[in-house]
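**Student:** Residue 43 in the UniProt record's numbering is what sits at position 43 of the sequence shown, and the numbering runs on without skipping anything. Don't be surprised by glycine CBs; every beta carbon is placed ideally from N, CA and C. One structure, as structure tokens, below. Some questions next.
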Amino acid sequence: MATADPAVEAYTIDLRVDGIAYRSTVDPRRTLLDLVQEHLDVHSVKKGCDHGQCGACTVLLDGRRILACLVLAVTCEGADVTTAAGMAAEGDLNPLQKAFLACDA
1 MATADPAVEA YTIDLRVDGI AYRSTVDPRR TLLDLVQEHL DVHSVKKGCD HGQCGACTVL
61 LDGRRILACL VLAVTCEGAD VTTAAGMAAE GDLNPLQKAF LACDA
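Following this line, the structure appears as structure tokens:
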């Protein structure tokens with residue numbers, strides 16, 4: 001008979017997503033993707049395969065490209081996360097955003 005997982009201690013982390021500061025208490029098993037979508041209500045990052053194969057969850061983490069479905073949120077303490085929506089100033093489009101529009105992505 002299977003038993004329930006033992007209680008897991010939650011951690012409070014601070015990070016910035018698209019220039020906005022957030023503080024969130026997270027389960028250490030939660031991915032950055034789930035934190036951003038489900039708890040911070042930022043939907044410019046998409047969940048595709050949830051296995052790191054499709055690239056739909058690609059973000060910049062401190063300027064480095066990562067797959068948010070493969071990174072644990074607790075490792076992002078103090079990090080700066082940039083989604084496709086945060087790549088240009090309000091009302092402008094970044095070249096990557098223009099490419100998404102051109103390809104109907």
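Could you give the distance in angstroms between the alpha-carbon of G86 and the alpha-carbon of C49?
**Tutor:** 23 Å
**Student:** Between H43 and chain C, is the shortest Cβ-Cβ distance under 8 Å, so that the two count as touching?
**Tutor:** In summary, chain C is missing from the structure at hand, where a single protein chain is found.
**Student:** Where do the N-terminal and C-terminal ends of the beta strand (DSSP E) with R16 fall, by residue?
**Tutor:** Element bounds for R16: 11-17.
**Student:** Is it the case that the Cβ atoms of A84 and S24 are separated by a distance below 8 Å?
**Tutor:** no
**Student:** Near D27, what residues of its chain come up, given a Cβ to Cβ distance below 7 Å and the 5 sequence neighbours on each side ignored?
**Tutor:** Excluding positions up to five away in sequence, the list reads V8, A10.
**Student:** Do you know how far the Cα of L72 is from the Cα of Q53?
**Tutor:** 17 Å
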